[in-house]
Amino acid sequence: MRKNYHEVSLPEILDAREKRALRQRELLLQYQKPLLCFTMNIAGSMKNSPLIRKGFLYGLEDLALQLQRERAEILYREIWDEATGNEAFLIINTSPATIKTLACELEDADPLGRLYDMDVLLPAKDIPSGFRKMEREELGFSGRQCLLCKRPAKECASRRIHPLSELVARTDEILKSAVRERTACRIAELATRSLLYEVAITPKPGLVDRANNGSHRDMDFYSFLNSAAALQSYFKKCADFGILEAEKAEREGREDLPGLFRSLRLPGKLAENQMLRATGGVNTHKGAIFSLGILCAAAASLPPARWNESETILSICARMTKGIVAGDYRNLTVNTAKTKGQKLYLEYGITGVRGQMEEGLPAVSAYGLPLLEKLLAEGRSTDETGAAVLLAILSHMTDTNLIARSDVPTQKEASRRAGELLEHCPCPGREELEELDREFIQKNLSPGGSADLLALCWMLHFLKTDRSS
């Protein structure tokens, strides 16, 4: 249910402060341990929103991880999500100096930290309030700086040096920038992980894996690691475009993202150059640059809370690439067709990954992803799951990589063999997979297109199960 955030009045703010102070006293009296109270410094009367909430949760996550690193146990946690703001109360079983140091470091780490207000309170029977607040200066930290200038924040606030509108605008800018950066970085990390999982799955018939190079002579396992590492910045760029295009669409009151796919084409070409530099001129991930780049942009156009909506993400991919087959192949002739994919389209009408993408990746949505989730839920290993998913995809799509290394009848036979093996055993064992691997290697077959879609299945799974969402 969407939270009912709204502008708050001064009496509401004062009531919230009184309520907070009362809860602080209760917790300190009950536990007799340091209490960290985390709120957000938000200028203006709009103290909470989905964007502000997201910034708060980022801070809470970072704080919890820092405490975990220090082996500081959180004895009690209470979180409020009100129109008057976000508040967290943490009773922590470690020294007050340790807690305050971690809090100050987070407050000073980046612009988003400037919006954090992490107070450390200690029981104090000799003080009327029942507690005292540790100051930053006690541990050698300087006072907080103004959001807009280098002067002390208290000085600017007391003298009201800056217009409220400027403070509100700066706060909004900090929050949006931080959320964009974290979201894009997270998607890029998951995309890179997907490529690493794909190549690591062993055995994979005809493909490079941890055991052998499959049907390839110009690449090995480490070629794929080098390539995946080189592509992470590209995936982040795709996510950046997705976020910005979604923000633009929201401002204009529309749902479609008509310019998003077009904006990815030049970065995709540059990413191919990055791949070739990393591999010494070998094409390891050209297909994934296309398909996974689109998926990154589509996922980034949604808030992280909706990353578990795989069908929605795939439908965005389809809308982004609507008309791509007709557009890319409109003026294609026998004389102008250069690539194997172009020639297959003219001769057989095979649309390859473009057609898959334009249709919302049916091999992924109907076969690959459901099987991946089913096998993982059954407790199957990553290798078992990945190999079975690869075969499921191969048996339900026309893999143009196979045709490029053979012909259409051979590709159909390879798909039939994959389906036959799955029918015999829904999760084939190592012996059966190694036998098929030897067969594919002997025939010089490599289902690279299916491997790209296997990576997409992992990506959708990672998005769905990502803790940060």
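Residue numbers (my numbering): 1166 to 1634.
The beta carbon of each residue, even a glycine, is placed where N, CA and C say it ideally should be.
Could you pull the start and end residues of the beta strand (DSSP E) that residue i belongs to?
{"i": "E1252", "result": "G1250 to N1258"}
{"i": "M1440", "result": "Where M1440 is concerned, there is no enclosing beta strand (DSSP E), although the alpha helix (DSSP H) it sits in stretches over L1425 to T1444."}
{"i": "R1297", "result": "F1296 to K1298"}
{"i": "E1238", "result": "E1238 to E1247"}
{"i": "V1285", "result": "Y1281 to P1288"}
So what's residue i in DSSP terms, helix, strand or just coil?
{"i": "R1167", "result": "Here R1167 scores only 48 on pLDDT, less than 50, and its place in the model should not be relied on; the value that follows carries that caveat. The answer is coil: DSSP assigns R1167 none of H, G, I, E or B."}
{"i": "Q1197", "result": "coil"}
{"i": "L1312", "result": "coil"}
{"i": "P1176", "result": "helix"}
{"i": "P1370", "result": "coil"}
{"i": "P1215", "result": "helix"}
{"i": "P1593", "result": "coil"}
{"i": "N1566", "result": "helix"}
{"i": "A1376", "result": "coil"}
{"i": "G1305", "result": "coil"}
{"i": "I1292", "result": "coil"}
{"i": "S1210", "result": "coil"}
{"i": "E1183", "result": "helix"}
{"i": "R1419", "result": "coil"}
{"i": "E1235", "result": "coil"}
Go to residue i, then tell me how far its alpha helix (DSSP H) extends in each direction, as first and last residue.
{"i": "W1623", "result": "G1613 to T1630"}
{"i": "K1608", "result": "Looking at the DSSP string, K1608 is not in any alpha helix (DSSP H), and its letter there is neither H nor E."}
{"i": "C1202", "result": "Counting along the chain, C1202 falls outside any alpha helix (DSSP H), though it belongs to the beta strand (DSSP E) covering L1200 to M1205."}
{"i": "D1405", "result": "F1386 to R1416"}
{"i": "T1575", "result": "V1573 to H1589"}
{"i": "V1364", "result": "L1329 to A1365"}
{"i": "R1324", "result": "A1318 to R1324"}
{"i": "T1266", "result": "P1261 to A1274"}
Does the distance from the C-beta atom of residue i to that of residue j stay below 8 Å?
{"i": "A1552", "j": "K1369", "result": "yes"}
{"i": "L1429", "j": "F1406", "result": "yes"}
{"i": "V1499", "j": "L1511", "result": "yes"}
{"i": "L1360", "j": "H1450", "result": "yes"}
{"i": "V1364", "j": "F1400", "result": "no"}
{"i": "P1612", "j": "L1537", "result": "no"}
{"i": "L1460", "j": "M1562", "result": "no"}
{"i": "Y1170", "j": "A1262", "result": "no"}
{"i": "I1478", "j": "A1463", "result": "yes"}
{"i": "A1343", "j": "Y1223", "result": "yes"}
Inset, instruction - Pair every Cβ in the segment 1439-1446 with every Cβ in the segment 1394-1404, then say whether three or more of these pairs are closer than 8 Å. - result: yes
Inset, instruction - Tell me the start and end of each unbroken alpha helix (DSSP H) in the segment 1464-1552 that is at least 4 residues and wholly inside, in chain order. - result: 1475-1485, 1489-1493, 1505-1513, 1517-1523 and 1534-1542
Legend entry - Touch test, the segment 1365-1383 against the segment 1486-1498, Cβ-Cβ under 8 Å, three pairs minimum: Taking 8 Å as the limit for Cβ pairs, the verdict is that the segment 1486-1498 does not touch the segment 1365-1383.
Inset, instruction - Pair every Cβ in the segment 1578-1595 with every Cβ in the segment 1545-1559, then say whether three or more of these pairs are closer than 8 Å. - result: Touching, yes, given that three or more Cβ pairs across the two stretches are closer than 8 Å.
Inset, instruction - Evaluate the contact criterion for the segment 1264-1274 versus the segment 1283-1291: three or more CB pairs, one atom per stretch, below 8 Å. - result: A contact between stretches requires three or more CB pairs, one per stretch, nearer than 8 Å, and the segment 1264-1274 meets this requirement with the segment 1283-1291.
Inset, instruction - Would you check if there are 3 or more beta carbon pairs closer than 8 Å linking the segment 1176-1191 to the segment 1240-1260? - result: The answer is yes - the segment 1240-1260 touches the segment 1176-1191, with three or more Cβ pairs under 8 Å.
Inset, instruction - Give a yes or no on contact between the segment 1410-1427 and the segment 1457-1472, applying the rule of three or more CB pairs nearer than 8 Å. - result: yes
Inset, instruction - Evaluate contact between the segment 1238-1246 and the segment 1318-1337, counting only Cβ atoms and requiring at least three cross-stretch pairs below 8 Å. - result: When Cβ pairs closer than 8 Å are counted between the two stretches, the segment 1238-1246 is seen not to touch the segment 1318-1337, the count staying below three.
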